[in-house]
Amino acid sequence: GQQLNQSPQSMFIQEGEDVSMNCTSSSIFNTWLWYKQDPGEGPVLLIALYKAGELTSNGRLTAQFGITRKDSFLNISASIPSDVGIYFCAGRIRGNAGNMLTFGGGTRLMVKP
Amino acid sequence: GAGVSQSPSNKVTEKGKDVELRCDPISGHTALYWYRQSLGQGLEFLIYFQGNSAPDKSGLPSDRFSAERTGGSVSTLTIQRTQQEDSAVYLCASSLAIGYEQYFGPGTRLTVT
């Protein structure tokens, strides 16, 4: 099946730092989504992108839909402790029956001790 | 309003036993999806329902897995003769209809001993 490569797999942050993560694919997607998952919870949708080149912000979060439609990035500015969690990218392929999402492996965000 | 709910939240079962996992979608959502998340991994799509029908069952890992949805609402995912490799978090999501964004439940953590 389709693969989404998400990087980095994990990262440590200090409060106040900016964070960047990205997803790439060998397939063209017509939708990119970014989710955050806290322990013991299901993923929560953060940002949805529908057009190539689209740049969308949600508070301190900014995400972009790559021009090639094969990549997307998520930036978090001025990180705070509650940003800790696992971030997943997900994509949907044009004409994909059932609205099926393909997920990346996740980026685990942790706080530096 | 109420989100997607799943039960049980945790299930420990012995190898070889059958288990049933339940999902209550958001009221009015016609599409329902099941995913599996192994420890530290991304989400693996299993099956989706549009109304009561499941047009594509190819994502189910084996014939021990089945799912049904009655009355266009509650869905159950059944795993027969459980194996240790079935241990994972099973997540359910629903959307208003196919093509709309998916909202996830908290998941059922299944442990097969």
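Those protein sequence lines, which keep their order, are chains A and B.
All residue numbers for the first sequence refer to the working numbering, where the first residue is -19 and numbers rise by one.
All residue numbers for the second sequence refer to the working numbering, where the first residue is 1242 and numbers rise by one.
Ideal Cβ placement from N, Cα and C applies to all residues, glycine included.
Leaving out five residues on either side along the sequence, give the residues of the same chain with a beta carbon under 8 Å from the beta carbon of residue 1252 (chain B). 1260, 1262, 1349, 1350, 1351 and 1352
Range covered by the beta strand (DSSP E) that runs through residue 1310 (chain B): 1306 to 1310
So what does DSSP say about residue 1285 (chain B), is it helix, strand or coil? Strand, per DSSP.
Where residue 1342 (chain B) meets chain A, residues with beta-carbon distance less than 8 Å: 13, 25 and 28
I'd like to know if residue 1321 (chain B) contacts chain A, where contact means its C-beta is closer than 8 Å to some C-beta of that chain. no
Determine whether the beta carbon atoms of residue 52 (chain A) and residue 69 (chain A) lie at a separation below 8 Å. yes
Thinking C-alpha only, which one of B:1244, B:1326 and B:1337 is nearest residue 23 (chain A)? Sorting B:1244, B:1326 and B:1337 by C-alpha distance to the C-alpha of residue 23 (chain A) places B:1244 at the top.
Under 7 Å, CB to CB, which of the residues in the segment 50 to 72 of chain A have a partner in chain B? 68
Any C-beta of chain A sitting closer than 8 Å to the C-beta of residue 1347 (chain B)? The C-beta of residue 1347 (chain B) comes closer than 8 Å to at least one C-beta of chain A.
For residue 86 (chain A), which residues of its own chain have a beta-carbon under 7 Å away from its beta-carbon, when the five flanking residues on both sides are left out? -14, 66, 67 and 68
Contact check, residue 26 (chain A) vs residue 10 (chain A), beta carbons under 8 Å: no
So that I know if they touch, is there some Cβ in chain B lying closer than 8 Å to that of residue -8 (chain A)? no
I want to know whether the segment 1330 to 1350 of chain B touches the segment 1267 to 1284 of chain B - three or more CB-CB distances under 8 Å. yes
Within chain A, the residues that residue 1332 (chain B) reaches when beta carbons sit closer than 8 Å: Chain A residues near residue 1332 (chain B): 22 and 23.
At which residues does the beta strand (DSSP E) containing residue 31 (chain A) begin and terminate? Careful: residue 31 (chain A) lies outside any beta strand (DSSP E) and carries neither H nor E.
Quick check: what's the CA-CA separation for residue -17 (chain A) versus residue 1332 (chain B)? 20 Å
So with Cβ pairs under 8 Å, would you call residue 90 (chain A) a contact of chain B? no
Measuring straight from C-alpha to C-alpha, what distance separates residue 1273 (chain B) and residue 20 (chain A)? 20 Å
Residue 43 (chain A) versus residue 1320 (chain B) - alpha carbon distance: 38 Å
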